[in-house]
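Heads up: the sequence shown is residues -23 to -1, 1 to 831, going by mature numbering (1 follows the signal peptide of the UniProt record, and there is no 0).
All C-beta atoms in this analysis are idealised placements derived from N, C-alpha and C, irrespective of residue type, glycine included.
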Amino acid sequence: MEVFPLLLVLSVWWSRTWDLANADSIIHIGAIFDESAKKDDEVFRTAVGDLNQNEEILQTEKITFSVTFVDGSNPFQAVQEACELMNQGILALVSSIGCTSAGSLQSLADAMHIPHLFIQRSTAGTPRSGCGLTRSNRNDDYTLSVRPPVYLNDVILRVVTEYAWQKFIIFYDSEYDIRGIQEFLDKVSQQGMDVALQKVENNINKMITTLFDTLRIEELNRYRDTLRRAILVMNPATAKSFITEVVETNLVAFDCHWIIINEEINDVDVQELVRRSIGRLTIIRQTFPVPQNISQRCFRGNHRISSTLCDPKDPFAQNMEISNLYIYDTVLLLANAFHKKLEDRKWHSMASLSCIRKNSKPWQGGRSMLETIKKGGVSGLTGELEFGENGGNPNVHFEILGTNYGEELGRGVRKLGCWNPVTGLNGSLTDKKLENNMRGVVLRVVTVLEEPFVMVSENVLGKPKKYQGFSIDVLDALSNYLGFNYEIYVAPDHKYGSPQEDGTWNGLVGELVFKRADIGISALTITPDRENVVDFTTRYMDYSVGVLLRRAEKTVDMFACLAPFDLSLWACIAGTVLLVGLLVYLLNWLNPPRLQMGSMTSTTLYNSMWFVYGSFVQQGGEVPYTTLATRMMMGAWWLFALIVISSYTANLAAFLTITRIETSIQSLQDLSKQTDIPYGTVLDSAVYEHVRMKGMNPFERDSMYSQMWRMIHRSNGSENNVLESQAGIQKVKYGNYAFVWDAAVLEYVAINDPDCSFYTIGNTVADRGYGIALQHGSPYRDVFSQRYQPSLPQFHKCWQKTRDFWIRSEGFYYSWQKEQHELHAFKFSLLPSPMEIMQRKAQMDPAHNGIRKP
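Put into structure tokens, the structure is as follows:
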């Protein structure tokens, strides 16, 4: 306690030291703080000191300031002190006071054209109520509200609605202005909720004792029942004392559920409140982004913040109030605005203004300075600090923490969700005591039709559709294990979901974000963006990217019988026939055979050629050659013909049985290198984002994704991409196109295509997986993951058997049938023997493997 007077003396001395330096500085700001805001003053001086040490922002210039303290309930004193500061000459006025004096300072700032940055302050950590400052659309509004508007009404209403409360009591402390939740009271009254109000006095023990003394047993029991659902709108210190008293006096049971809402609750307060409470506790507080990298927690751009303010382990930082954080960011914002003015060479010097003179003129540079401050923005201790057109700070986020029901003290607390004015509540606050048995619970399931994950198995008019597929197998198994029922419907836009320009989500993910569904299941991949807004179970199947392409058209060639041998070999065979025919003719001409009486056989060159050809094709000859030399020549020729014909027959059988389609694209690498076949995917899908992230990563060593992204992103993605997967499949089938999509889906499409016109290539590396999506903070996530995890091997084995069945019964049959039609088109005389045909057909017939043709 002796340290505080010393700090106050040092602060006064420091203030006078700065006052002596005012004449040497062109930057001077004024500050008015409530008498109770000593820590605001300390943080303000720390911020100025940090910025004066930062030569990158103001370079050689230094900030000087004047600070004064006022009684928050005395508007006249606040105006008087502000006039004194303006008389000294200031570029801006910073105030941390209550609503009573804020309106007077607003009028003065508007009249004197001095930018006024107002930080609303509540008494002793009590929740704020709206100030109701009069805003004007004209150019004479010089007050900027640094702290965001009060959203307690909206947050409480959303949380209470989520919990489906119908009867509860609101406790508020003596410092709180109950008019701050009047809007909330009006809305819950319209919805038919039964709400009671009770003020908590400073002497809580006396208040509780009075209840026991004045209430009869029946009334006390009814009061206990009312306390099962309660909202506490009070400062953390009062809340701790109040909870302790009601727990120790047994006014609450273990099935109670209380909500504490206050922007000022810090981590230490949270742990203490949880330790003292029983039943279920929900805590709503304002939260600010914290850099994940510990080494960067004290850096905001090119500015370093004092470690006493940014180190979460520092006692001073642990006990800072929210107004302290906004004070620091306000000074940082002003410094950046001054830097902008100096850099643009549009500096307006300070002027000594008088509020007493009747004809006093406002500061000429006020409008320019105000616009520079409003257009600027800064990232500080409170996150992004910026101003909208109405002069308010729109950036605010609330964190919702909670415990489970329990009889023990000191239970753990976890984050249930978050709330902001743009997207509303993000998370699940289901008020149920969950156990492994979920029998009787009906869950709404949203899906997207995607073979083979989700397919319509039965669609009878007047009855609900029935579905089947890989994902439905998992859902049915969970339903059987846990005993819940589900109602399934298809997402209205038939999309998986992607973030929109206004920050909302569409598709399946959007149904979960807007609480229209409890579970989302389909070929839904787990991505970081989706994990920010919904929860996922552990993966139940690996995911990889594949490409669907169309097979080359097979044309019937009448000269296909020549295919078993190369053209050069056929030329050699033809030349050999001519050469042997010529040799036979010469041998017969040099040594003509003896002819019997009456024989008319002629050994001409034509007959010799015909004889050699007939013997080559195993048909015999018409002219007998009896000379020894000719017979030796023909014997060698027949041996040659036997070898050639046997080789030809074997090669022809293999050629007609096995048809190999040669393609130039066998991998994703091949696809990325070529430009003849355009390719794309579903716009704004997980595959699209996957290629975009890897393609735009400057540290990606493999240029494959960069080349793919250039093709996919052509014309901002509208040229080569489709809106639905079915459109991409049809585009492949009837055009020159390759479709990049989930490998499992494409493999199923290729196998089940009746024309057997597709083939797939893919990446065997599975860096992601398919999961079940749930509302953010859903209590079912862990239960689902724990339940189906042991059954995954059985699922995979069953799915593999199903896949093999498709391949044998449908894919192989259609492929075999198509090849048979192509074989019959040749009508060759040189075919394998009937026995060989029967043997091959028996091997290729699906019935041979016990599978019925479709």
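> Based on Cα-Cα distance, which residue from PHE145, GLY487, GLU160 lies nearest to residue 832?
Replying inline: Missing from the structure shown is residue 832; the chain here goes from -23 to 831 and no further.
> How is the beta strand (DSSP E) around ASP519 delimited, first residue to last?
Replying inline: Along the sequence shown, one-based indexing puts residue 519 at 542. That run of the beta strand (DSSP E) goes 518 to 520.
>> Can you check whether the C-beta of VAL659 is within less than 8 Å of a C-beta belonging to chain B?
In response: Protein chain content of the structure displayed is limited to a single chain, and chain B is not contained in it.
>> Let's test the definition: count the other Cβ atoms within 10 Å of the Cβ of ILE814 and tell me whether it reaches 16, buried, or not, exposed.
In response: Position 837 of the sequence shown, counted from the first residue, corresponds to residue 814. Its pLDDT being 34, under 50, ILE814 is placed unreliably in this model, and the value from its coordinates should be taken loosely. That one is exposed.
> How many angstroms separate the CA atom of TRP340 from the CA atom of ARG391?
Replying inline: Indexing the sequence shown from 1 puts residue 340 at position 363. Indexing the sequence shown from 1 puts residue 391 at position 414. Distance between the alpha carbons of TRP340 and ARG391: 52 Å.
> Roughly how many whole angstroms lie between the Cα atoms of THR581 and THR607?
Replying inline: Translated into positions along the sequence shown, residue 581 becomes position 604. Translated into positions along the sequence shown, residue 607 becomes position 630. In a straight line, the C-alpha of THR581 is about 14 Å away from that of THR607.
>> To test your reading of the DSSP string, which unbroken alpha helix (DSSP H) runs of 4 or more residues are found completely within the stretch 276 to 317?
In response: 284 to 287, 292 to 295
> Could you give the distance in angstroms between the alpha-carbon of ILE620 and the alpha-carbon of TRP614?
Replying inline: One-based indexing of the sequence shown puts residue 620 at position 643. One-based indexing of the sequence shown puts residue 614 at position 637. Spanning the two alpha carbons is a distance of roughly 10 Å.
> Between ASN367 and PRO125, which are expected to be in contact by the criterion C-beta below 8 Å, what is the C-beta distance as a whole number of angstroms?
Replying inline: Position 390 of the sequence shown, counted from the start, is the residue given in the question as residue 367. Position 148 of the sequence shown, counted from the start, is the residue given in the question as residue 125. 12 Å between Cβ atoms; not a contact.
>> Whole angstroms are fine: how far does the CA of THR226 sit from the CA of ILE238?
In response: Here residue 238 is taken as the residue at index 261 of the sequence shown, counted from 1. Here residue 226 is taken as the residue at index 249 of the sequence shown, counted from 1. Roughly 23 Å separates the two Cα atoms.
>> Measuring alpha carbon to alpha carbon, tell me which residue in LEU629, PHE617, GLU488 is nearest ALA537.
In response: Numbered from its first residue, the sequence shown carries residue 537 at position 560. With distances taken between Cα atoms, ALA537 lies closest to LEU629.
>> What does DSSP give as the partner residue(s) for SER356 in the beta ladder?
In response: Residue numbering aside, residue 356 sits at position 379 when the sequence shown is read from its first letter. Its beta-bridge partners are GLU361.
> Per DSSP, LEU347 forms a beta bridge with which residues?
Replying inline: The sequence position of residue 347 within the sequence shown is 370, counting from 1. Its beta-bridge partners do not exist; DSSP assigns none.
> Beta-carbon separation of LEU209 and TRP235 under 8 Å?
Replying inline: Locating residue 209 in the sequence shown gives position 232, where the first residue counts as 1. Locating residue 235 in the sequence shown gives position 258, where the first residue counts as 1. Contact: yes.
> So TYR463 and SER456 are in contact, right, with Cβ under 8 Å, and what is the actual spacing, rounded?
Replying inline: Translated into positions along the sequence shown, residue 463 becomes position 486. Translated into positions along the sequence shown, residue 456 becomes position 479. Correct: roughly 6 Å between the Cβ atoms.
>> Given a cut-off of 8 Å on the beta-carbon distance, is the pair residue 886 and PHE716 in contact?
In response: Examination of residue 886 is not possible in this model, given that the chain is present from -23 through 831 alone.
>> Can you list, in chain order, the residues of its chain with a C-beta nearer than 7 Å to that of LYS164? Leave out the 5 residues immediately preceding and following it.
In response: Taking the first residue of the sequence shown as 1, we reach residue 164 at position 187. Within the same chain, LYS164 has close Cβ partners LEU134.
> Helix, strand or coil: which one does DSSP assign to MET815?
Replying inline: For the purposes of this step, residue 815 is taken as residue 838 along the sequence shown, with counting starting at 1. Bear in mind that a pLDDT of 36 at MET815, under 50, signals an unreliable position, so the model cannot answer this.
> To the nearest angstrom, how far is it from the Cα of ARG758 to the Cα of SER475?
Replying inline: Residue numbering aside, residue 758 sits at position 781 when the sequence shown is read from its first letter. Residue numbering aside, residue 475 sits at position 498 when the sequence shown is read from its first letter. Cα to Cα, ARG758 sits roughly 21 Å from SER475.
> Does DSSP classify ASN403 as helix, strand or coil?
Replying inline: Mapped onto the sequence shown, residue 403 falls at position 426. DSSP places ASN403 in strand when its eight states are reduced to three.
> Alpha carbon to alpha carbon, what distance is there between LYS650 and SER692?
Replying inline: One-based indexing of the sequence shown puts residue 692 at position 715. One-based indexing of the sequence shown puts residue 650 at position 673. Spanning the two alpha carbons is a distance of roughly 19 Å.
>> My assumption, with CB atoms under 8 Å, is that ASN397 sits in contact with VAL373. Please give the rounded CB distance.
In response: Working through the sequence shown from its first residue, we reach residue 397 at position 420. Working through the sequence shown from its first residue, we reach residue 373 at position 396. With 8 Å as the limit, ASN397 and VAL373 qualify as a contact, their Cβ atoms being about 6 Å apart.
> Whose C-alpha, out of ASN584, LEU567, ASN568, ALA618, is nearest the C-alpha of SER592?
Replying inline: What you label residue 592 is simply residue 615 of the sequence shown in a count that begins at 1. Comparing Cα-Cα distances from SER592 to each of ASN584, LEU567, ASN568, ALA618, the minimum goes to ALA618.
>> With H, G and I counted as helix, E and B as strand and the rest as coil, what does DSSP make of HIS90?
In response: Counting from 1 along the sequence shown, the entry for residue 90 is found at position 113. Reduced to three states, the DSSP call for HIS90 is coil.
>> Per the DSSP calculation, THR737 is bridged to which residue(s)?
In response: For the purposes of this step, residue 737 is identified with residue 760 of the sequence shown, where counting begins at 1. Paired residues: LEU525.
>> Here's a check: name, in chain order, each residue in its chain whose Cβ is nearer than 6 Å to the Cβ of SER99, leaving out the five neighbours to either side.
In response: What you label residue 99 is simply residue 122 of the sequence shown in a count that begins at 1. Cβ neighbours of SER99 beyond the five flanking positions: ARG105.
>> Would ILE9 and LEU68 be called neighbours here (beta carbons separated by less than 8 Å)?
In response: Mapped onto the sequence shown, residue 9 falls at position 32. Mapped onto the sequence shown, residue 68 falls at position 91. No, they are not a contact pair.
> From residue 836 to LEU82, what does the alpha carbon distance come to, in whole angstroms?
Replying inline: Residue 836 lies beyond the range of the chain shown here (-23 to 831); nothing can be said about it.
> With distances taken from CA atoms, which of TRP324, LYS16, VAL726 is nearest MET297?
Replying inline: For this step, residue 297 is matched to residue 320 along the sequence shown. Nearest option by C-alpha distance: LYS16.
> Do you know how far the Cα of PHE735 is from the Cα of SER662?
Replying inline: As a first step, residue 662 is located in the sequence shown; it is residue number 685 there, counting from the start. As a first step, residue 735 is located in the sequence shown; it is residue number 758 there, counting from the start. So the two alpha carbons sit approximately 22 Å from each other.
>> On a Cα-Cα basis, can you pick out the residue from GLN752, ARG277, ARG262 that is closest to GLN269?
In response: As a position in the sequence shown, residue 269 is number 292, starting the count at 1. Nearest C-alpha to GLN269: ARG277.
>> Within a Cβ cutoff of 8 Å, which residues of the same chain sit near ARG687, ignoring the five residues on either side of it in sequence?
In response: For the purposes of this step, residue 687 is taken as the residue at position 710 of the sequence shown. The answer, listed in chain order, is GLY672.
>> To the nearest angstrom, how far is the alpha carbon of PHE447 from that of ASN279?
In response: Along the sequence shown, read from residue 1 onward, the residue named residue 447 stands at position 470. Along the sequence shown, read from residue 1 onward, the residue named residue 279 stands at position 302. Answer to the nearest angstrom: the Cα atoms are 52 Å apart.
> For LEU406, which option in MET610, LEU751, LEU648, ASN698 has the closest C-alpha, if you only look at C-alpha atoms?
Replying inline: As a working mapping, residue 406 is identified with position 429 in the sequence shown. When each option's Cα is compared against that of LEU406, the closest is LEU751.
> alpha helix (DSSP H) containing ASP246: first to last residue?
Replying inline: Within the sequence shown, residue 246 is the residue found at index 269, counting from 1. Taken as a continuous stretch (DSSP letters only), the alpha helix (DSSP H) holding ASP246 covers 244 to 253.
> What first and last residue would you give for the beta strand (DSSP E) that runs through LYS392?
Replying inline: Taking the sequence shown and counting its residues from 1, one reaches residue 392 at position 415. That run of the beta strand (DSSP E) goes 391 to 397.
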